[in-house]
Each structure stands twice: as C-alpha cells, then as structure tokens.
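A.B. asks: The structure is given below, and queries will be raised subsequently.
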Amino acid sequence: DIQMTQSPSTLSASLGDRVTITCRASQSISSWLAWYQQKPGKAPKLLIQKASSLESGVPSRFSGSGSGTEFTLTISSLQTDDFATYYCQQYNDYSPVNFGGGTKVEIK
Amino acid sequence: QLQLQESGPGLVKPSETLSLTCTVSGGSISRSTYNWGWIRQPPGKGLDWIGSIHYSGTTYYNPSLKSRVTISIDTSKNQFSVKLSSVTAADTAVYYCARHIYGSAVTADQWGPGTLVTVSS
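Going line by line, the protein sequences match chains B and V.
When we follow the numbering used here, the leftmost residue of the first sequence carries the number -4, and every step to the right adds one.
When we follow the numbering used here, the leftmost residue of the second sequence carries the number 33, and every step to the right adds one.
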C-alpha cells in the first residue's frame, strides 16, 4: 500500500510570504497527485490535479510541482483567504490511505 | 451548476447500518465520464476515501472498508447511496458525497456540504 506523508503538519506564515508544503509518497505515483484546500466547516476544494494542473478559477499564486515520490504545493504570496488546511491525495491506486495528513496554514 | 446534497440519519446506533443518499442536481449522474463517491472526515481529523461508483454500476472501494461498504446508484432519481454496516464509534464522521474527476474514482472536484453522522447508543 502507498503511504502519503505531508509536511509540515502546521505552518505559521505572514501575509505575502511564499509558502511551500511537501507531500511524499512511499512509492512512485507518477503525477497522479491532487491538492485540496479545506476551510473550517466546509468541504474540501480541489486546487490542483495531476501534480501541477491548476483547476479553473484557482488563483495563479497556487502552483504544484513534482513527480514520482516527491511533490510540492507552493503559494507564491500568501493572502488572507489562504489560511486553511491543505491535503494532498494520490490517485495512482486504491491504497487504504490515499490522503496526506494535512498541513494547517496559520497566521504568524 | 452542479450541486450535491447528502441526506440521511444523523445518529446511528453501534452495530447498525449507516445509510446516506446523495442527490445530484444541475447535471446527470449518467454522464459516462464521471464516477460518484463518498469521502468522510472524523471530527478534527483528516480525509478518508470510502469508495465510488460509475453509472454503469462499476464500484471502487477502499480496501480497509470493503467488507462493510456498499455503494449503489439510482439514475432515475439522479441519486447515489452508501451503506456502511456494523458501525462503531470510529465511524463517526462528516460524510461527503462527491463527483470524481475524469479518469479517477478517488479524486473529487465537486463536493456536497457534508453531513455529520454520529455513532452512539
């Protein structure tokens, strides 16, 4: 089974900061990785699929990169609306745990 | 605009079966390009993919839940459903229904608002 490890689990940052979240897969998943943003009490929102393909309507300050086992989500200039929890998800196969544990982005 | 809405009991007794339905509006679940599925989130914890279904009836399940889960679809009502048997307190979670992206039975691009199901006697 593929395991997904996300880091850090919590990140404190200021408005305008460049923020990077890392997701590692225990084995290669090619580019079959998605990133979600979730705000309290709300359903997750898909930001990126296939590692780097931005969903329609998602601000261009969000970007994804990586392939194989290491992936990153970058927010180029953190905005107020970006304080949330971010999850990666692999969809290379149907392993029991396909989401990362989440990264909470907090105000510094 | 596609909308999904979960419905079902908010309280289920231990050892009983949890049953939820997702009603889809603004689009047909019979479109061949999509799978429709369920994802849950225990309070204060991360996301857990349960499974999904294609309108043809093909199902995909999380191996850790497969023995207890059944997902079905009713194209005439534009609905799909999940049943989870022999529930315990560990199954307490917000349950989301979702549309999965083209070519995936796991990654979702449209979500319902979620419904909290508590397992308690």
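Using N, Cα and C, we set each Cβ at its ideal position, and we do this for glycine too.
Might you give, ordered along the chain, the residues of its own chain that have their beta carbon closer than 6 Å to the beta carbon of B:D12, omitting 5 neighbours on each side?
C.D. replies: Once the five neighbours on either side are set aside, the close Cβ partners of B:D12 are L73.
A.B. asks: When you compare each of V:V151, V:P74, V:T65 and V:G58 to B:G180 by their alpha carbons, which one comes out closest?
C.D. replies: Not covered by the structure: residue 180 of chain B. The range shown for chain B is -4 to 103.
A.B. asks: Cβ atoms of B:Y81 and V:N94: under 8 Å apart, would you say?
C.D. replies: Not closer than 8 Å, so no.
A.B. asks: Quick check on the burial criterion: 16 or more other C-beta atoms within 10 angstroms. Buried or exposed for V:S84?
C.D. replies: It is buried - the Cβ of V:S84 has at least 16 other Cβ atoms within 10 Å.
A.B. asks: Across the stretch 112 to 120 of chain V and the stretch 51 to 67 of chain V, are there enough close Cβ pairs to call them in contact, namely three or more that are closer than 8 Å?
C.D. replies: Yes, the stretch 112 to 120 of chain V touches the stretch 51 to 67 of chain V.
A.B. asks: Using the Cα positions of V:T139 and V:I133, report the straight-line distance between them to the nearest angstrom.
C.D. replies: Taking the straight line joining both Cα atoms gives about 6 Å.
A.B. asks: Residues of chain B with CB closer than 9 Å to the CB of V:Y87, please, in chain order.
C.D. replies: Under the 9 Å cutoff, chain B gives no residues; its nearest Cβ is about 19 Å from V:Y87.
A.B. asks: Since I believe B:L42 is in contact with B:W30 (beta carbons under 8 Å), could you give me their beta-carbon distance rounded to a whole number of angstroms?
C.D. replies: Confirmed, about 5 Å.
A.B. asks: Of all Cβ atoms in chain B, is any one closer than 8 Å to the Cβ of V:T139?
C.D. replies: Yes, V:T139 counts as interfacial toward chain B.
A.B. asks: Residues of chain B with CB closer than 7 Å to the CB of V:I133, please, in chain order.
C.D. replies: Near V:I133 (Cβ distances below 7 Å), the residues of chain B are Q44.
A.B. asks: Applying the criterion that 16 or more other CB atoms from any shown protein chain within 10 Å of the CB defines a buried residue, is V:D80 buried or exposed?
C.D. replies: Buried: at least 16 other Cβ atoms inside 10 Å.
A.B. asks: Starting from V:N94 and walking both ways along the beta strand (DSSP E), at which residues does that stretch end?
C.D. replies: No beta strand (DSSP E) holds V:N94; DSSP gives it neither H nor E.
A.B. asks: Relative to the C-alpha of B:Q(-2), which candidate in B:K45, B:T64, B:L49 and B:K34 has its C-alpha closest?
C.D. replies: Measuring from the Cα of B:Q(-2), the nearest candidate turns out to be B:T64.
A.B. asks: Rounded to whole angstroms, what's the CA-CA distance from B:Q44 to B:E50? Just pull it up for me.
C.D. replies: Cα-Cα distance, rounded: 7 Å.
A.B. asks: For the stretch 93 to 120 of chain V, list every residue whose C-beta sits within 7 Å of some C-beta in chain B, in sequence order.
C.D. replies: Per Cβ criterion, the list reads N94, P95 and S96.
A.B. asks: Considering V:V56, what are the terminal residues of the beta strand (DSSP E) in which it resides?
C.D. replies: Element bounds for V:V56: L50 to S57.
A.B. asks: Spell out whether any CB of chain V is found under 8 Å from the CB atom of B:L41.
C.D. replies: At least one chain V Cβ lies under 8 Å of B:L41.
A.B. asks: I'd like to know if B:P54 contacts chain V, where contact means its C-beta is closer than 8 Å to some C-beta of that chain.
C.D. replies: No, because no Cβ of chain V sits closer than 8 Å to the Cβ of B:P54.
A.B. asks: Just confirm the distance between the C-beta atoms of B:T5 and B:R19, as a whole number of angstroms; I'd bet it's less than 8 Å.
C.D. replies: Between B:R19 and B:T5 the Cβ distance is about 17 Å, and since that is not below 8 Å, they are no contact.
A.B. asks: Runs of 3 residues minimum, wholly inside the stretch 58 to 94 of chain B: which ones carry the beta strand (DSSP E) assignment?
C.D. replies: Runs of the beta strand (DSSP E) inside the stretch 58 to 94 of chain B: 65 to 70 and 80 to 85.
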